[in-house]
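Right, one structure below, let's go through it.
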Amino acid sequence: MAGRFDPLTRAAVRGGRTDVPAGPGSTAGAGAKERDWTPEGPLDLGLVLGPLRRGAHDPTFRATPDGSVWRASRTPEGPGTLRVSRAGTGIRAEAWGPGADRLLEGLPALLGAGDDPAAFVPRHRLVHASHRSRPGLRLTRTGLVLESLIPTVLEQKVTAEEAYRAWRRLVRQYGEPAPGPLGQDLYVMPEPRTWALIPSWDWHRAGVDAKRSGTILRAVRVAERLEEAAAMDLPQAARRLEAVPGIGPWTSAETLQRSNGHPDAVTTGDLHLPGIIGFALAGDRDADDAAMLELLAPYAGQRHRAARLVLLAGRTPPRRTPRMPRGDIGRL
40 MAGRFDPLTR
50 AAVRGGRTDV
60 PAGPGSTAGA
70 GAKERDWTPE
80 GPLDLGLVLG
90 PLRRGAHDPT
100 FRATPDGSVW
110 RASRTPEGPG
120 TLRVSRAGTG
130 IRAEAWGPGA
140 DRLLEGLPAL
150 LGAGDDPAAF
160 VPRHRLVHAS
170 HRSRPGLRLT
180 RTGLVLESLI
190 PTVLEQKVTA
200 EEAYRAWRRL
210 VRQYGEPAPG
220 PLGQDLYVMP
230 EPRTWALIPS
240 WDWHRAGVDA
250 KRSGTILRAV
260 RVAERLEEAA
270 AMDLPQAARR
280 LEAVPGIGPW
290 TSAETLQRSN
300 GHPDAVTTGD
310 LHLPGIIGFA
320 LAGDRDADDA
330 AMLELLAPYA
340 GQRHRAARLV
350 LLAGRTPPRR
360 TPRMPRGDIG
370 RL
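So the mapping is simple: our numbering equals the position in the sequence shown, first residue as 1, plus 39.
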């Protein structure tokens, strides 16, 4: 599977770093519910929230020049918009819409309050250097499964560019403008019933083949059952997701890394990741999943964090094969 590694720029997209300007974090405007929260240690908003962004033009995510991160989510209570920014040594959050209370309640978990970086012990020099240089890294936990699952399914076996294009098109066409002051600049993804009613020709125009669209259709039919996985431990949550045909270990891991914030949800079945981990930790660019898992074995319980630190370090093998071709079935 292509995953979300860009061989052209050599950028570790899956490392999940988003640039957040060091702005003043000014008040967004009236009508918002507010919450202030102070993290216990260093916190890098770009590192923590970066994995939730699906490309530079994700319609559900914005990082603005004033130093704010904006996210539009569909919660069980309805759509909501969350703005997060620095306020001195703390965090200021504002939220709009029917889902505002849920988003503010989940703010500490979203920013990694349930994560325990102290449990991580580096075992390789590169991992140690990456860990030491990023004290503000925390693993986010959104508590929302479907909003991570659907874009992850779109990323199956295609390039990141194709998947991001499909996500943008479908969310803008079938989603709704997010509550709050950003209006048409931010969108909430469609509700499950709307995903289920997207006609086949619009999936096609978005470049999504029948296999991926079929997986999404099966998932939204059992959306409530899948959302329950956010409160489960990792093995149980993975089994719940993988009970849906078309969702395998790669998709469940990429989803649960975000919805559950689990530090051991290591991604297997990826086209690039084993070679990156193998090259960075052992000089083995031809490593497969088995070799990658062996290298990550000393990090049991923290394998996802270790893999992410390797990606953020940026040590990747030189490309020796042509880049994966881009496809667009919407042009057919």
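Quick reminder that beta carbons are idealized off the backbone N, C-alpha and C, glycines included. A quick note: this is a predicted structure, and the numbers were derived from the prediction, not measured.
- Beta bridge pairing from DSSP links lysine 72 with Ala134.
- DSSP lists Ala126 as the bridge partner or partners of glycine 129.
- Along the length of the stretch 136–172, whole alpha helix (DSSP H) runs at least 4 residues long occupy 139–144, 146–149, 164–171, reported in chain order.
- Counting along the chain, threonine 103 sits inside no alpha helix (DSSP H); it lies in the beta strand (DSSP E) bounded by residues 100–103.
- By the Cβ neighbour-count rule, threonine 181 is buried, with 16 or more other Cβ atoms within 10 Å of its own.
- By the 16-neighbour rule on beta-carbons within 10 angstroms, glutamine 223 is exposed.
- In the DSSP annotation of this structure, arginine 113 is not part of any alpha helix (DSSP H); the continuous beta strand (DSSP E) holding it starts and ends at 107–114.
- Taking a C-beta distance under 7 Å as the contact criterion, arginine 297 and proline 90 qualify as a contact pair.
- Between the stretch 112–131 and the stretch 203–220 there are three or more inter-stretch CB-CB distances shorter than 8 Å, so the stretches are counted as touching.
- With contacts defined as CB atoms closer than 7 Å, aspartate 323 and threonine 307 fail to qualify as a contacting pair.
- Between serine 187 and threonine 114, the CB-CB gap reaches or exceeds 7 Å.
- Assigned with DSSP and collapsed to three states, glycine 353 falls in coil, not helix or strand.
- Annotation for glycine 246: no alpha helix (DSSP H) segment contains it, and DSSP assigns it neither H nor E.
- 7 Å or more divides the Cβ of tryptophan 242 from the Cβ of arginine 93.
- In terms of Cβ geometry, aspartate 155 and leucine 178 do not form a close pair [threshold 7 Å].
- Tryptophan 240 is positioned such that its CB atom lies no closer than 7 Å to that of leucine 146.
- In this structure, leucine 334 lies near alanine 321, with their beta-carbon atoms less than 7 Å apart.
- Using a Cβ-Cβ distance cut-off of 8 Å, the stretch 226–234 and the stretch 101–116 are in contact, since at least three pairs of beta carbons, one from each stretch, lie closer than that value.
- Counting along the chain, the unbroken alpha helix (DSSP H) around glycine 314 starts and ends at 312–321.
- Looking only at Glu194, Gly314, Ala148, the smallest Cα-Cα distance to glycine 353 is reached by Gly314.
- Within the same chain, Cβ atoms closer than 8 Å to the Cβ of valine 192 are found at Arg251, Thr254, Ile255, Ala258, Gly285, Ile286, Thr290, the five residues on either side in sequence being excluded.
- Beta-bridge partners assigned by DSSP to leucine 121: Arg110, Ala134.
- Of the residues Thr103, Arg101, Ala152, the one whose Cα lies closest to the Cα of asparagine 299 is Ala152.
- If you look at alanine 292, you'll find it in the alpha helix (DSSP H) that goes 288–298.
- Straight-line measurement puts the Cα of alanine 132 at about 15 Å from the Cα of phenylalanine 100.
- Contact annotation, aspartate 105 with glycine 85: C-beta distance approximately 14 Å; criterion of less than 8 Å not satisfied.
- Distance between glutamine 341 and aspartate 272, taken at the CA atoms: about 14 Å.
- Sequence-distant partners of aspartate 83 (beyond 5 residues in either direction) whose C-beta falls short of 6 Å from its own C-beta, in its chain, are Gly175.
- Annotation for leucine 280: Val184, Leu188, Leu265, Ala268, Ile286, Thr290, Ser291, Thr294, Leu295 place their beta carbon closer than 8 Å to its own, counting only its chain and skipping 5 residues before and after.
- The shortest C-alpha to C-alpha distance from leucine 88 to any of Ala326, Arg164, Ser107, Ala157 is the one to Ser107.
- Inclusion of leucine 348 and valine 210 in the CB contact set at 7 Å is not warranted, their separation being larger than that value.
- Note that the C-beta distance between proline 337 and arginine 162 is below 7 Å.
- Excluding its 5 nearest sequence neighbours in each direction, glycine 55 has C-beta neighbours in its own chain below 6 Å: Gly89, Pro90, listed in chain order.
- For proline 190, the secondary structure class from DSSP, reduced to helix, strand or coil, is helix.
- In the structure shown, glutamate 281 falls within a helical segment according to DSSP collapsed to helix, strand and coil.
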